[in-house]
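>
Protein chains: 2
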Amino acid sequence: MQPGPERPGAFAPEFRAELARLMDRRRDVRRFLTEPVDEAALTRCLDSFLTAPSVGLSEPWRVIRVESAQARAAALANFEEANAAALADQSRSRATLYARLKLSGMRDAPVQLAVWCDETTPKGHGLGAATMPEMRRYSVVAAITQFWLTARAEGLGTGWVSILDPVRLARDLDVPPGWALVGYLCVGHAQTLDRVPELEAEGWEVRRGHLPVETR
Amino acid sequence: MQPGPERPGAFAPEFRAELARLMDRRRDVRRFLTEPVDEAALTRCLDSFLTAPSVGLSEPWRVIRVESAQARAAALANFEEANAAALADQSRSRATLYARLKLSGMRDAPVQLAVWCDETTPKGHGLGAATMPEMRRYSVVAAITQFWLTARAEGLGTGWVSILDPVRLARDLDVPPGWALVGYLCVGHAQTLDRVPELEAEGWEVRRGHLPVETR
Numbered sequence: 002m003q004p005g006p007e008r009p010g011a012f013a014p015e016f017r018a019e020l021a022r023l024m025d026r027r028r029d030v031r032r033f034l035t036e037p038v039d040e041a042a043l044t045r046c047l048d049s050f051l052t053a054p055s056v057g058l059s060e061p062w063r064v065i066r067v068e069s070a071q072a073r074a075a076a077l078a079n080f081e082e083a084n085a086a087a088l089a090d091q092s093r094s095r096a097t098l099y100a101r102l103k104l105s106g107m108r109d110a111p112v113q114l115a116v117w118c119d120e121t122t123p124k125g126h127g128l129g130a131a132t133m134p135e136m137r138r139y140s141v142v143a144a145i146t147q148f149w150l151t152a153r154a155e156g157l158g159t160g161w162v163s164i165l166d167p168v169r170l171a172r173d174l175d176v177p178p179g180w181a182l183v184g185y186l187c188v189g190h191a192q193t194l195d196r197v198p199e200l201e202a203e204g205w206e207v208r209r210g211h212l213p214v215e216t217r
Numbered sequence: 002m003q004p005g006p007e008r009p010g011a012f013a014p015e016f017r018a019e020l021a022r023l024m025d026r027r028r029d030v031r032r033f034l035t036e037p038v039d040e041a042a043l044t045r046c047l048d049s050f051l052t053a054p055s056v057g058l059s060e061p062w063r064v065i066r067v068e069s070a071q072a073r074a075a076a077l078a079n080f081e082e083a084n085a086a087a088l089a090d091q092s093r094s095r096a097t098l099y100a101r102l103k104l105s106g107m108r109d110a111p112v113q114l115a116v117w118c119d120e121t122t123p124k125g126h127g128l129g130a131a132t133m134p135e136m137r138r139y140s141v142v143a144a145i146t147q148f149w150l151t152a153r154a155e156g157l158g159t160g161w162v163s164i165l166d167p168v169r170l171a172r173d174l175d176v177p178p179g180w181a182l183v184g185y186l187c188v189g190h191a192q193t194l195d196r197v198p199e200l201e202a203e204g205w206e207v208r209r210g211h212l213p214v215e216t217r
């Protein structure tokens, strides 16, 4: 077997190196410029949902673009209360550090997308989701990952906010019953292009640098 | 604002086009050649876990490479029983079609990886996972998505098997308590490089072709 680009269907080595660089440069962005996002670029990012894997081809992803002042205020209040509760739960030794972290770009990000899984979709006829119904939500995560990488390639930053009460957000945004929040995405131009995750730079946690693999 | 590569940090247009092509050509592969996988290529694929996003930098991913005849037999028996149960649950009108589908490459794929989430990891100190503890599993899904794309760029196919009893697999592979199965991946050279998902070619389901986006 030949390593290298001569393998059928392999992409060029130069592309593969750039793909690894893209993954390395992707960041969870919380500091955005307020300048608007080019709508054509945003459409290309959203189009990456269409080629994401989904269990049984169920395509359970649903997107709400959060635009109105009222909807944004509700989402921000939700985050602020959940974040205050999380701060209150920190140990004494970590509370000061936690309080210093900036954990969402919801005040500045020009584009905000609440991404949901329709748990009730008949699409896919349940294939692959009998023993692991969470596969529908995992399909949405895969789509968000493709969006995130595509956005970074376009020069756009994405921040995934999970410090939210998902049931309250569903109510505030009036989504249909059966939709589960998967991620709240802030999208825009990042203030800085960092090599290191902000949580690492701030001293919250470090990356392990190796993958734990065992053999059976 | 300028669209195009002159945006700070944007990747070249040629790369962005190839990235979209990569996502378009990624498939869920169930038909593998038995020839081995180049270990250096597999290592590059596994390295893509290291740059995946993870909530709080918790890096909760754990990988078991399923190699022994005993471990593979246990996983295969698990799939076959879950698949028989899923077939029995099909409506009359879809059972014949379901029975015709090939839903795993576990008999042929030279590399098989069971990918888990360590729900008990102290890493990340719980940041971002208080209201949405499922974020740890979602981090593992994001890492699998990066692996899948990297593998496809290397000319390797990946198939995600979810028709499994996850608790039984954890027992059979003797994983630590607190690990939750996220995906069982078959990896190898695909028999064919298809443009269309097999579930679509076989008439199980079609892709929608557009993304449902609403505004609030």
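In order, the protein sequences belong to chains S and W.
Quick note on my numbering: the first sequence kicks off at 2 and runs consecutively.
Quick note on my numbering: the second sequence kicks off at 2 and runs consecutively.
For every residue, glycine included, the Cβ atom is placed at its ideal position computed from N, Cα and C.
Bear in mind the structure is a predicted one, so any value in this text is a computation, not a measurement.
Of the choices S:F80, S:G179, S:L157 and S:P61, whose alpha-carbon is the least far from that of T132 of chain W?
It is S:F80.
> To be precise: take each residue of the segment 29-57 of chain W, compare its Cβ to all Cβ atoms of chain S, and keep it if any distance is under 9 angstroms. Which residues remain?
Taking 9 angstroms as the Cβ-Cβ cut-off against chain S, the residues of the segment 29-57 of chain W that qualify are D29, E36, P37, V38, D39, A41, A42, R45, L47, D48, S49, F50, L51, T52, A53, P54, S55, V56 and G57.
> Could you check whether the segment 147-160 of chain S touches the segment 98-112 of chain W, counting it as contact only if at least three pairs of C-beta atoms, one from each stretch, sit closer than 8 angstroms?
Taking 8 angstroms as the limit for Cβ pairs, the verdict is that the segment 98-112 of chain W does not touch the segment 147-160 of chain S.
> The beta strand (DSSP E) spanning E215 of chain S covers which residue range?
Element bounds for E215 of chain S: V214 to T216.
> Residues in the same chain with beta-carbon distance under 8 angstroms from R31 of chain W, minus the five sequence neighbours each way, listed in chain order, please.
Same-chain partners within the cutoff: K103, L104, S105, G106, G160, C187 and E199.
> Locate the alpha helix (DSSP H) running through D173 of chain S, then write down its first and last residues.
From DSSP, the alpha helix (DSSP H) with D173 of chain S extends over P167 to D173.
> Would you tell me roughly how many angstroms separate the C-alpha atoms of D173 of chain W and A115 of chain W, rounded to the nearest one?
Answer to the nearest angstrom: the Cα atoms are 12 angstroms apart.
> In the DSSP assignment, what residue or residues form a beta bridge with L194 of chain W?
Partner(s): none; L194 of chain W has no beta bridge.
> When you check each C-beta in the segment 101-114 of chain S against every C-beta of chain W, which residues fall closer than 9 angstroms?
Answer set for the segment 101-114 of chain S: L102, L104 and L114.
> Can the beta-carbon of E201 of chain S be found less than 8 angstroms from the beta-carbon of L58 of chain W?
Taking 8 angstroms as the Cβ cut-off, E201 of chain S and L58 of chain W qualify as a contacting pair.
> Should Q113 of chain W go down as buried or exposed, given a rule of 16 or more other Cβ atoms within 10 Å for buried?
It counts as buried.
> Using 10 angstroms around the beta-carbon of T35 of chain W, count the other beta-carbons present and answer buried if the total reaches 16, otherwise exposed.
Counting Cβ neighbours within 10 Å, T35 of chain W comes out exposed, since fewer than 16 surround it.
> Helix, strand or coil for A110 of chain S? Go by DSSP, reduced to three states.
In the structure shown, A110 of chain S sits in coil (DSSP, three-state: anything other than H, G, I, E or B).
> Only counting the same chain, and skipping five residues up and downstream in sequence, which positions put a Cβ closer than 6 angstroms to that of R28 of chain W?
Result list for R28 of chain W: D195, in chain order.
> Starting from R73 of chain W and walking both ways along the alpha helix (DSSP H), at which residues does that stretch end?
From DSSP, the alpha helix (DSSP H) with R73 of chain W extends over A70 to A89.
> Taking the beta carbon of E68 of chain S as the centre, do at least 16 other beta carbons fall within 10 Å, making it buried, or is it exposed?
Its Cβ having fewer than 16 others within 10 Å, E68 of chain S is exposed.
> Measuring only between beta-carbons, confirm whether W205 of chain S sits less than 8 angstroms from chain W.
Yes, W205 of chain S lies at the interface with chain W (some Cβ there is under 8 angstroms from its Cβ).
> With burial defined as no fewer than 16 other Cβ atoms inside 10 Å of the residue's Cβ, what is the status of G5 of chain S: buried or exposed?
Because the pLDDT of G5 of chain S is 48, which lies under 50, any placement of that residue in the model is unreliable, and the question is left without a value.
> Given a cut-off of 8 angstroms, decide if H126 of chain W and R95 of chain S are closer than it, judged by their beta-carbon atoms.
A contact, by the Cβ cut-off of 8 angstroms.
> Return the CA-CA distance between V162 of chain W and S92 of chain S, expressed in angstroms with no decimal places.
Cα to Cα, V162 of chain W sits roughly 40 angstroms from S92 of chain S.
> Contact criterion: CB-CB distance below 8 angstroms. Does L9 of chain S meet it with respect to chain W?
According to the sequence shown, residue 9 of chain S is Pro rather than Leu. At least one chain W Cβ lies under 8 angstroms of P9 of chain S.
> For S94 of chain S, would you say it is in contact with chain W, using Cβ-to-Cβ distances shorter than 8 angstroms as the test?
Chain W contact via Cβ: absent.
> Taking the beta strand (DSSP E) that L102 of chain W belongs to, which residues open and close that run?
From DSSP, L102 of chain W is part of no beta strand (DSSP E); its letter is neither H nor E.
> Do A131 of chain W and the ligand SAH come close, with the Cβ less than 7 angstroms from some heavy atom?
The model on display carries no ligand, and the ligand SAH is accordingly not part of it.
> Anything in chain W within Cβ reach of V142 of chain S, meaning under 8 angstroms, just list it in chain order.
Going along chain W in sequence order, the residues near V142 of chain S (Cβ under 8 angstroms) are Y139, V142, A143 and T146.
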